[in-house]
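Participant: The sequence shown begins at 296 in the numbering used here and counts up by one.
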Amino acid sequence: MADSPVSFLLDRLTWLLQEEVNLQRGVREDVQYIKDELERHKAILMVADSLEDKDPELKVWVKRVRDIAHDMEDAIDEYNLRLVNHRQGNNNSSFYKILFAIKTMKGRRRIALNIQGIKSKVEVISQRRPIIPDVSSSSSQRPVSTRLDSQGDALLLEEADLVGIEEPKKQLTDLLFKDESNRAVISIYGMGGLGKTTLAKQVYDDLKIKKRFRIHAWVNLSQSFKMEELLKDLVQQLYSVIGKPVPEAVGMMKIEKVKELIKNLLQRSRYLIVLDDVWNVNVWDAVKHALPNNNRGSRVMLTTRKKDIALYSCAELGKDFHLEFLPEQEAWSLFCRKTFQGSNNSCPPHLEEVCRKILKLCGGLPLAIVAISGALATRERSNIE
Numbered sequence: 296m297a298d299s300p301v302s303f304l305l306d307r308l309t310w311l312l313q314e315e316v317n318l319q320r321g322v323r324e325d326v327q328y329i330k331d332e333l334e335r336h337k338a339i340l341m342v343a344d345s346l347e348d349k350d351p352e353l354k355v356w357v358k359r360v361r362d363i364a365h366d367m368e369d370a371i372d373e374y375n376l377r378l379v380n381h382r383q384g385n386n387n388s389s390f391y392k393i394l395f396a397i398k399t400m401k402g403r404r405r406i407a408l409n410i411q412g413i414k415s416k417v418e419v420i421s422q423r424r425p426i427i428p429d430v431s432s433s434s435s436q437r438p439v440s441t442r443l444d445s446q447g448d449a450l451l452l453e454e455a456d457l458v459g460i461e462e463p464k465k466q467l468t469d470l471l472f473k474d475e476s477n478r479a480v481i482s483i484y485g486m487g488g489l490g491k492t493t494l495a496k497q498v499y500d501d502l503k504i505k506k507r508f509r510i511h512a513w514v515n516l517s518q519s520f521k522m523e524e525l526l527k528d529l530v531q532q533l534y535s536v537i538g539k540p541v542p543e544a545v546g547m548m549k550i551e552k553v554k555e556l557i558k559n560l561l562q563r564s565r566y567l568i569v570l571d572d573v574w575n576v577n578v579w580d581a582v583k584h585a586l587p588n589n590n591r592g593s594r595v596m597l598t599t600r601k602k603d604i605a606l607y608s609c610a611e612l613g614k615d616f617h618l619e620f621l622p623e624q625e626a627w628s629l630f631c632r633k634t635f636q637g638s639n640n641s642c643p644p645h646l647e648e649v650c651r652k653i654l655k656l657c658g659g660l661p662l663a664i665v666a667i668s669g670a671l672a673t674r675e676r677s678n679i680e
């Protein structure tokens with residue numbers, strides 16, 4: 296199967312992150328990122344075998360994922376060879392630690408650079424995830440997209456009517472309505488595919504929220520965003536909400552002038568600004584100065600995969616909100632509802648064993664469950680077996 300090399304690698308990455316305390320901080324973050332992204336790609340790889348011959352783009356993409364998996368395997372092997380095997384028993388003396396660090400400095404540097412290069416490749420394939428067409432030959436059935444980009448998460452998961460979303464939605468709504476006059480930041484964090492964007496969108500689109508925050512805007516980010524474009528997008532949304540045309544001069548403004556304009560637009564109103572998919576603390580540092588603390592109960596809601604960004608952004612005032620994996624029963628309910636839509640949303644007894652094995656591969660990720668069940672829903676029952 297196309298996902299076999301990745302599944303094996305994920306097991307090794309899990310071990311590496313859990314057992315290896317000697318991983319440098321930057322390397323550990325890169326390894327965690329690679330692991331998170333490959334886990335998201337598994338949903339596509341699981342259905343790729345039957346589609347590669349029909350889709351050249353998918354075939355190329357799958358090959359690149361496999362190549363990256365093999366590169367990462369080699370990096371782990373080199374790590375074991377150069378570092379793990381050089382340790383001498385359980386010697387924890389300070390002298391030994393210093394000696395070990397000096398002896399392995401060159402090797403650790405080489406491995407760090409190697410993993411950085413692999414991370415860059417993963418970023419590229421993540422941006423180029425293919426759209427998987429309908430596996431059925433019937434033209435009457437619509438294509439099923441399993442493109443798992445961050446801005447498409449909300450659209451895909453909203454259709455799924457996510458189980459268990461009401462409680463976190465209520466908790467976030469309560470935080471937005473909390474009797475606190477200072478500007479507060481609510482940071483939603485968790486790995487890709489958990490439904491952070493979906494949850495934030497459900498809250499943002501609630502009529503009660505729009506009524507409380509007359510001035511509101513939603514800004515989509517990415518790893519390759521440009522600050523100038525982000526700020527001008529925010530300006531356009533704010534002018535649209537207040538019902539005025541955007542001044543022509545905005546197009547020629549420098550970044551600091553645009554920030555000043557945004558600050559003036561927000562100064563006298565209770566506002567809600569959503570920053571979706573923040574990848575770097577520098578984003579918050581750059582944007583926060585345009586979002587005034589106007590003592591009117593304004594709020595900023597932020598989604599990110601990284602805990603450190605979540606904690607950093609709400610450090611002054613606010614709350615971090617960790618989105619967890621779906622519990623087993625809720626994951627099963629979602630899978631059955633999306634896969635067996637014409638059968639009272641229940642799995643036939645003779646398919647339950649194989650379906651539970653498929654579900655286990657999704658690892659409790661709602662987006663992966665929706666993607667794979669969407670592909671399975673178009674298949675004949677015999678093909679699922």
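Ideal Cβ positions, reconstructed from N, Cα and C, are used throughout, including at glycine. Source: prediction; values computed, not measured.
Going by the CB atoms, is the gap between LEU516 and LEU618 shorter than 9 Å?
Facilitator: Looking up residue 618 in the sequence shown gives position 323. Looking up residue 516 in the sequence shown gives position 221. Not in contact: LEU618 and LEU516 (Cβ atoms no closer than 9 Å).
Participant: Suppose the cutoff is 6 Å on Cβ atoms and the five residues either side in sequence are ignored; what does the same chain contact list for THR599 look like?
Facilitator: Start at 1 with the first residue of the sequence shown, and residue 599 comes out as number 304. Closer than 6 Å at Cβ, skipping near neighbours: TYR484, VAL573, ALA605.
Participant: Compute the Euclidean distance between the alpha carbons of GLY658 and LYS505, then round it to the nearest angstrom.
Facilitator: The sequence position of residue 658 within the sequence shown is 363, counting from 1. The sequence position of residue 505 within the sequence shown is 210, counting from 1. Distance between the alpha carbons of GLY658 and LYS505: 35 Å.
Participant: So for ASN575, helix, strand or coil by DSSP?
Facilitator: By one-based count along the sequence shown, residue 575 stands at place 280. In the structure shown, ASN575 falls within a coil segment according to DSSP collapsed to helix, strand and coil.
Participant: Excluding the 5 residues flanking ALA449 on each side, which residues of the same chain have their C-beta closer than 7 Å to its C-beta?
Facilitator: Against the sequence shown, residue 449 aligns to sequence position 154. Only weak support is given to the placement of ALA449: the predicted model assigns it a pLDDT of 49, under 50, and the question is left unresolved by the model.
Participant: How long is the line joining the alpha carbons of PHE390 and VAL530, rounded to whole angstroms?
Facilitator: Residue mapping note: residue 390 aligns to position 95 of the sequence shown, counting from 1. Residue mapping note: residue 530 aligns to position 235 of the sequence shown, counting from 1. Caution applies to PHE390, whose pLDDT of 46 falls short of 50 and renders its modelled position unreliable; the model cannot decide the point.
Participant: How about the stretch 582 to 594 and the stretch 543 to 562: do they share at least three Cβ pairs that are nearer than 8 Å?
Facilitator: In short, these stretches touch, since the Cβ pair count reaches three.
Participant: Between the stretch 624 to 644 and the stretch 461 to 473, can you find at least three pairs of beta-carbon atoms closer than 8 Å?
Facilitator: no
Participant: Can the beta-carbon of TRP513 be found closer than 9 Å to that of ASP571?
Facilitator: On the sequence shown, residue 513 is found 218 positions in, with the first residue counted as 1. On the sequence shown, residue 571 is found 276 positions in, with the first residue counted as 1. Yes, Cβ-Cβ distance for TRP513 and ASP571 is below 9 Å.
Participant: With 16 other CB atoms within 10 Å as the buried threshold, where does VAL578 fall?
Facilitator: For the purposes of this step, residue 578 is taken as the residue at position 283 of the sequence shown. So VAL578 ends up on the buried side.
Participant: If you compare alpha carbons, which of ASP362, ALA370, GLN422 is closest to ASP325?
Facilitator: Translated into the one-based positions of the sequence shown, residue 325 becomes position 30. Checked all of ASP362, ALA370, GLN422; the closest Cα to ASP325 is ALA370.
Participant: Taking C-alpha atoms, which residue in GLY538, GLY613, ILE329, LEU621 lies nearest to GLY412?
Facilitator: Taking the first residue of the sequence shown as 1, we reach residue 412 at position 117. The shortest C-alpha separation from GLY412 is found at ILE329.
Participant: Taking all protein chains shown into account, do 16 or more other C-beta atoms lie within 10 angstroms of the C-beta of LYS552, making it buried, or fewer, making it exposed?
Facilitator: Here residue 552 corresponds to residue number 257 of the sequence shown, with the count starting at 1. Under this definition LYS552 is an exposed residue.
Participant: Could you tell me the distance, in whole angstroms, from the CA atom of PHE520 to the CA atom of VAL582?
Facilitator: Indexing the sequence shown from 1 puts residue 520 at position 225. Indexing the sequence shown from 1 puts residue 582 at position 287. Going from the Cα of PHE520 to the Cα of VAL582 covers about 13 Å.
Participant: Could you compute how far the alpha carbon of LYS473 sits from the alpha carbon of GLU461?
Facilitator: Counted from its first residue, the sequence shown places residue 473 at position 178. Counted from its first residue, the sequence shown places residue 461 at position 166. Going from the Cα of LYS473 to the Cα of GLU461 covers about 18 Å.
Participant: Within this structure, are the beta carbons of GLU418 and GLU332 separated by less than 9 Å?
Facilitator: For the purposes of this step, residue 418 is taken as the residue at position 123 of the sequence shown. For the purposes of this step, residue 332 is taken as the residue at position 37 of the sequence shown. In contact: GLU418 and GLU332 (Cβ atoms closer than 9 Å).
Participant: Under 6 Å Cβ to Cβ from ARG591, same chain only, skipping five residues before and after it: list those, please.
Facilitator: Taking the first residue of the sequence shown as position 1, residue 591 is located at position 296. Closer than 6 Å at the Cβ level, and outside the excluded window around ARG591, lie ARG565.
Participant: Is DSSP giving ARG594 helix, strand or coil here?
Facilitator: Residue numbering aside, residue 594 sits at position 299 when the sequence shown is read from its first letter. DSSP places ARG594 in strand when its eight states are reduced to three.
Participant: Classify ILE667: buried if its beta carbon has 16 or more other beta carbons within 10 angstroms, exposed otherwise.
Facilitator: Within the sequence shown, numbered from 1, the residue matching residue 667 stands at position 372. Around the beta carbon of ILE667, 16 or more other beta carbons lie within 10 angstroms, which makes this residue buried.
Participant: Classify MET596: buried if its beta carbon has 16 or more other beta carbons within 10 angstroms, exposed otherwise.
Facilitator: Residue mapping note: residue 596 aligns to position 301 of the sequence shown, counting from 1. So MET596 ends up on the buried side.
Participant: Relative to the ligand MG, is the shortest distance from any of its heavy atoms to the C-beta of ILE410 smaller than 8 Å?
Facilitator: This structure lacks the ligand MG; in fact it carries no ligand of any kind.
Participant: Check ILE568 in the structure and name its three-state DSSP category.
Facilitator: Within the sequence shown, the letter at position 273 stands for residue 568. Looking at ILE568 - three-state DSSP - the assignment turns out to be strand.
Participant: What's the C-alpha gap between LEU304 and LYS652?
Facilitator: Residue 304 sits at position 9 when you count from the first residue of the sequence shown. Residue 652 sits at position 357 when you count from the first residue of the sequence shown. Those two C-alpha atoms are separated by around 19 Å.
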